[in-house]
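See structure below.
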Amino acid sequence: MRTSITTLQLSPHTAAQLVMAARQITADPYREGDVFAEQARTAAGLLDHGLASVLDRFANRQGASALLLTGLPMPSRLPRTPAAGFHRLPDPQPTGTEPVLAAVGARLGEIFAYREWDGAHLVQSRYPVASHHNVQTASGATDLVLHTEACFTAYPPDYLALLGLRPDPTGQARTLVADIPQALTLLTPTGRRTLREPLFVFPTDRGPHVHEGRHTTAPVAILHDGGRGPVLEYSTLLTAISADGASALAALEEALNRCAVSVTLNAGDLLLVDNRHAVHGRTAFRPAYDGADRWIQRVLMLRQLPAGGRVVPDTRLAHYPTDYLKALALPA
Ligand SMILES: O=C(O)CCC(=O)C(=O)O
Ligand SMILES: [Fe+2]
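Each residue of the sequence shown is one higher than the last, beginning at 11 in our numbering.
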């Protein structure tokens, strides 16, 4: 029972209309983020009727929890894939792909970013970085485990949009998506009930709790009732503090893996993920770190911005393991 991803190949007319709409976005995403996001909202209102209604249906959860658009208009030339970590680039240069990505993303919600990640930029580049090779992060190269984006933070995105700029030349890197409601049907009622209990933690050296002699984050439930069906916050890195919790978590992991499908993001492919109803990840691959590696760009959307605006804190950061932050060269 695999997750179904709705795929829509843009017609030449829709692609041309998207180019016209994206022309409204003239601000630099990395230096004029607020103006960029406002212009993206305007552009999102100018998409052609067919594309707009597909996106609106997706945003209203009428259909699949992931939507793949193919044939997005792309610039004819792309720079080499950068070598330095995106969050450390002092001065990211626009590639020209950002307006199209943002025009589609902004149809689903308000574009936002995390203050502590990716230089707080509203468009984030993801490509392999040699020093992150074995790190559990989007710029790593080992399996990126199935996860809800920014799970357990105060502001997990409602949607994410991943745009392929340059595919992995070896074809190994594939984005994984698993539908949560579908995976939950594979669990027993007891298993589902257990996921609603505060039994789940991340191991970390900086957590407020101690379980069997090891520091962890505070125990939380991972399954909740959202207004529009059950909402799961999940990462394969979670562990449980009871035997019941552990077996429910193991069953959930197996169910998500059974449901997961993989997608190659070729240039001009845009994958939209409903972060409350699907988890995502990426297969392992072998980057060459030669300027020709895989490169994707991402925007995150909230249906409604918090009072503080488009740049929100990662309220979980204080509990990330020290080694992890060091490996990413973030302040611990
Ligand atoms: O590289 C991918 O396909 C997924 C990356 C990812 O999980 C993210 O950017 O949030
Ligand atoms: Fe992610």
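Glycine is no exception: its CB is placed at the ideal position from the N, C-alpha and C atoms. Quick caveat: nothing in here was measured; it's all calculated off a predicted structure.
Nearest to residue i (by Cα), restricted to the options the options
i: Thr-13; options: Asp-44, Ser-75, Arg-71; result: Ser-75
i: Arg-238; options: Leu-281, Ile-190, Arg-203, His-143; result: Ile-190
i: Gly-201; options: Asn-144, Glu-263, Ser-149; result: Glu-263
i: Thr-214; options: Leu-335, Pro-199, Gly-291; result: Leu-335
i: Pro-331; options: Ala-228, Phe-212, Tyr-299, Asp-38; result: Phe-212
i: Leu-275; options: Phe-68, Ala-62, Thr-180; result: Thr-180
i: Leu-248; options: Leu-170, Ile-232, Ser-21; result: Ile-232
i: Ser-252; options: Phe-295, His-329, Arg-71, Glu-207; result: Glu-207
i: Ala-270; options: Leu-281, Asp-279, Gly-291, Leu-282; result: Gly-291
i: Thr-158; options: Ala-31, Pro-166, Val-145; result: Pro-166
i: Arg-296; options: Pro-22, Ala-69, Asp-153; result: Asp-153
i: Leu-173; options: Leu-78, Thr-36, Gly-55; result: Leu-78
i: Arg-268; options: Tyr-137, Leu-156, Glu-120; result: Leu-156
Residue i: CB within 7 Å of a non-hydrogen atom of ligand 3
i: His-157; result: Ligand 3 is absent from the structure shown, which contains only ligand 1 and ligand 2.
Residue i versus residue j - alpha carbon distance
i: Val-309; j: Arg-320; result: 12 Å
i: Ser-135; j: Arg-176; result: 11 Å
i: Ala-112; j: Thr-17; result: 19 Å
i: Glu-222; j: Arg-286; result: 31 Å
i: Leu-242; j: Asp-168; result: 12 Å
i: Asp-58; j: Leu-28; result: 7 Å
i: His-143; j: Arg-184; result: 16 Å
i: Glu-42; j: Leu-65; result: 26 Å
i: Arg-117; j: Thr-80; result: 17 Å
i: Pro-92; j: Gly-106; result: 15 Å
DSSP three-state assignment for residue i, whether helix, strand or coil
i: Asp-189; result: strand
i: Leu-205; result: helix
i: Leu-170; result: strand
i: Arg-90; result: coil
i: Pro-331; result: coil
i: Thr-200; result: helix
i: Gly-27; result: It should be pointed out that residue 27 corresponds to Gln in this sequence rather than to Gly. Helix at Gln-27.
i: Val-226; result: Note that residue 226 corresponds to Thr in the displayed sequence, not to Val. Note: Thr-226 maps to strand in three-state DSSP.
Ordered list of alpha helix (DSSP H) runs contained in the stretch 29-54, each at least 4 residues: 43-54
Quick check for students: name the residue ranges of the alpha helix (DSSP H) that lie wholly in the stretch 237-319, counting only runs of 4 or more. 253-269
Would you mind listing the alpha helix (DSSP H) stretches within the stretch 56-139 that are 4+ residues and don't spill past its ends, in chain order? 59-69, 108-118
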